[in-house]
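**Q** Take a look at this one; I'll ask things after.
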Amino acid sequence: MGISKTLLQKYAELIVRTGANVQKDQVVQLTISVEQNAFAAMIMEECYKAGAKKVNVDWTFDMQSRLNYLYADQETLSAVLPWEEEKLKQMVKDLPCRIFIASEDPDAMNGIDPQKLSSVMQRRGTVIKPYRNAIDGKHQWVIAAYPSEKWARKCFPDAEDAVDRLWDAILKTVRVQEDNDPVEDWKVHTDFIQGKAAWLNRQGFTSLRYHSANGTDFTVELIPGARWEGAGAVNNNNGAFYIPNMPTEEIFTSPAAGRCEGTLVAVKPLSWNSQLIENFSITFENGRAVSCRAEKGQELLEQMIHMDDGAAMLGEVALVPKESPVNQCGFLFYETLFDENACCHCALGMGFKEVLPGGDDLTMDEAREKGINDSIIHVDFMIGADDLSIEGIRPDGTVEAVFRNGTWA
Ligand code: ZN
């Protein structure tokens, strides 16, 4: 069977026009696996049709990462070489529109020493971060997915038509069908999400209280004036509206770092560094994760929380109703892009300074002073139980139901 050329074309167009919203004379940087070279060509062509000045492709290859981690030593892998830094400097200069196509084998790093992985990530992350900060809010970007054979097999181990099934799920969640106008559907979807975000912003909640029967009992303080956002963002450099994640269902903000209390119980496994953490909970005191329990991946979870000072604090709280099409697919995608859009979640690590008024122009130090968490990690974990209730508390102490039974109250 396989996916039809028409659908693929629609999808490529959606990614370039609605997702990245490539503008005339922009440089585009496309990151995609060598296995998806035919789709890469399709995307490139769409970019040029949209007026791109130049499209550069960064090819990725699962086996390249795996073999390097297997055989090269930690010291060598941790080094960010001069040519890599020159490339990052060029990126800061060009501010390219960035398109990422995710298709990784979730098991690509199986058996690799997690200590080695996190240490390399930590050291490389420290060098790369200032360049990332420098382009933050000043360029358009989008992550979308393309099902590889191995990824599909991971999701549907026993199915002969695993790839087709993963395609079906992906296209459903990104609203691309034979008989619809995806661009129009995305307008409706974006309006809905932004309407909910606007409602939350009008409430001016100072904190949120989470409760569910599985043991989640948690309160988090919000940053006064910080906005709830969702669906899209604006490139402050040229005013272009873009959609960073396809699919996207969440409305999110960055809470006050170091200001939460209680326990969050995960409702879905977490895939971190290609390894699974299952049936876990994290307990916070004075805003920091002080203990965690996992039936599987305990050591990994502890490593994650200790990646750096900010890794034990929250950088994101996000609201997603349980009716989300991702949740309705009913399986784990082993890919944050999808799994984080299944239900309500929080993220440990880096916050988003752009939720602050004028946030894009703040340095990370200034943003940190206002309560945004800073870290080299940003890891989402799902806490949206079917009975989850969330209450918003206003400055005068009044309480408003935000979520009831896992969905908008
Ligand atoms: Zn999120």
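Once you know that position 30 of the sequence shown is 52 in the numbering used here, the rest is easy, because the numbers rise by one and skip nothing.
We put the beta carbon where it would ideally sit given N, CA and C, even for glycine.
Nothing here was measured: the structure is a model prediction, and the numbers come from that model.
Counting C-beta neighbours from all protein chains within 10 Å, is the total for N395 16 or more, i.e. buried, or is it exposed?
**A** Buried, because 16 or more other Cβ atoms sit within 10 Å of the Cβ of N395.
**Q** Count Cβ pairs between the stretch 164 to 173 and the stretch 250 to 268 that sit closer than 8 Å; are there 3 or more?
**A** yes
**Q** On the DSSP letters alone, give me the boundaries of the alpha helix (DSSP H) that G217 sits inside.
**A** P204 to Q225
**Q** For D402, is the beta carbon positioned less than 6 Å from some heavy atom of the ligand ZN?
**A** It does: the Cβ of D402 is within 6 Å (strictly closer) of some heavy atom of the ligand ZN.
**Q** Pick from C368, G217 and Q225: whose alpha carbon is nearest that of A279?
**A** C368
**Q** Within this structure, are the beta carbons of S125 and Y168 separated by less than 7 Å?
**A** yes
**Q** Of the residues H400, N132, D127 and R281, which one's Cα is nearest the Cα of K392?
**A** R281
**Q** For the beta strand (DSSP E) holding I434, just list the boundary residues, first then last.
**A** The chain is shown from 23 up to 431; residue 434 falls before or after that span and cannot be answered.
**Q** Determine, using beta carbons only, whether P152 comes closer than 7 Å to chain C.
**A** Absent from the structure is chain C; it holds one protein chain and no more.
**Q** In terms of residue numbering, what span does the alpha helix (DSSP H) encompassing A29 cover?
**A** The identity of residue 29 in the sequence shown is Leu, whereas the question assumes Ala. Per DSSP, L29 belongs to the alpha helix (DSSP H) from K27 to E35.
**Q** I want to check one thing, is the minimum distance from the CB of A340 to the heavy atoms of the ligand ZN below 6 Å?
**A** yes
**Q** Spatial neighbours of E376 within its chain, please: CB distance less than 8 Å, with the 5 preceding and 5 following residues excluded, ordered by chain position.
**A** D158, G159, E251, A255 and D382
**Q** Indicate, with yes or no, if the ligand ZN has a heavy atom lying under 6 Å from the CB of E271.
**A** no
**Q** When you compare each of T429, V210, Q96 and T420 to I412 by their alpha carbons, which one comes out closest?
**A** T429
**Q** Spatial neighbours of L117 within its chain, please: C-beta separation below 7 Å, excluding the five flanking residues on both sides.
**A** I157, K160, H161 and N259
**Q** Which runs of the alpha helix (DSSP H), 4 residues or longer, sit entirely within the stretch 385 to 428?
**A** 386 to 391
**Q** Just curious, the alpha helix (DSSP H) that F360 is in, first and last residue?
**A** T358 to D361
**Q** Just curious, the beta strand (DSSP E) that W81 is in, first and last residue?
**A** K76 to T82
**Q** Closer than 6 Å by C-beta to G247: which residues in its own chain qualify, once you throw out the five before and the five after it? Chain order, please.
**A** P379
**Q** Starting from the N-terminal side, write out each stretch of the beta strand (DSSP E) that is 3 residues or longer and does not extend beyond the stretch 263 to 344.
**A** 273 to 275, 277 to 287, 292 to 294, 297 to 307, 310 to 318 and 336 to 341
**Q** Taking only the alpha-carbon atoms, compute the straight-line gap between N301 and K115 and give it to the nearest angstrom.
**A** As the crow flies, the alpha-carbon of N301 is around 44 Å from that of K115.
**Q** With DSSP as the reference, label L354 as helix, strand or coil.
**A** coil
**Q** If we call anything under 7 Å between Cβ atoms a contact, is T53 one with D84?
**A** no
**Q** Please state whether the Cβ-Cβ distance between I121 and A42 is less than 7 Å.
**A** yes
**Q** With a threshold of 16 other CB atoms inside 10 Å of the CB of K71, please say whether the residue is buried or exposed.
**A** exposed
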